[in-house]
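Asks: In my numbering, the protein residues as written are 15 to 105.
Each residue gets a CB set at the ideal place from its N, CA and C atoms; glycine is no exception.
(1) Under DSSP, the beta strand (DSSP E) around residue 32 begins and ends at which residues?
(2) For residue 100, count neighbouring Cβ atoms within 10 angstroms of its own Cβ and tell me buried if that reaches 16, exposed if not.
(3) Measuring straight from C-alpha to C-alpha, what distance separates residue 67 and residue 59?
(4) Thinking C-alpha only, which one of 46, 70 and 49 is nearest residue 55?
(5) Quick one: grab the DSSP three-state call for residue 99.
Quick look at the structure:
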């Protein structure tokens, strides 16, 4: 499934927070030849003109897509563990 956990992370955050919190996956290239890409799932909120973010999981991988998916999976898993009363099984 293309971008499976990216979609799940986004949909789960929307279900939990509505439009008040933005889920993002930040990806960057590293100097590590074996794990060239790193990514981090974040929840971002704009509070009184100040943007604040909560990092949920940082991962490294050999490809950009893999790093993005792994970070989104970590973010989704975190949301699932922190909000057990919200049914995320059908996302």
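Replies: In brief:
(1) Careful: residue 32 lies outside any beta strand (DSSP E) and carries neither H nor E.
(2) exposed
(3) 6 Å
(4) 70
(5) coil
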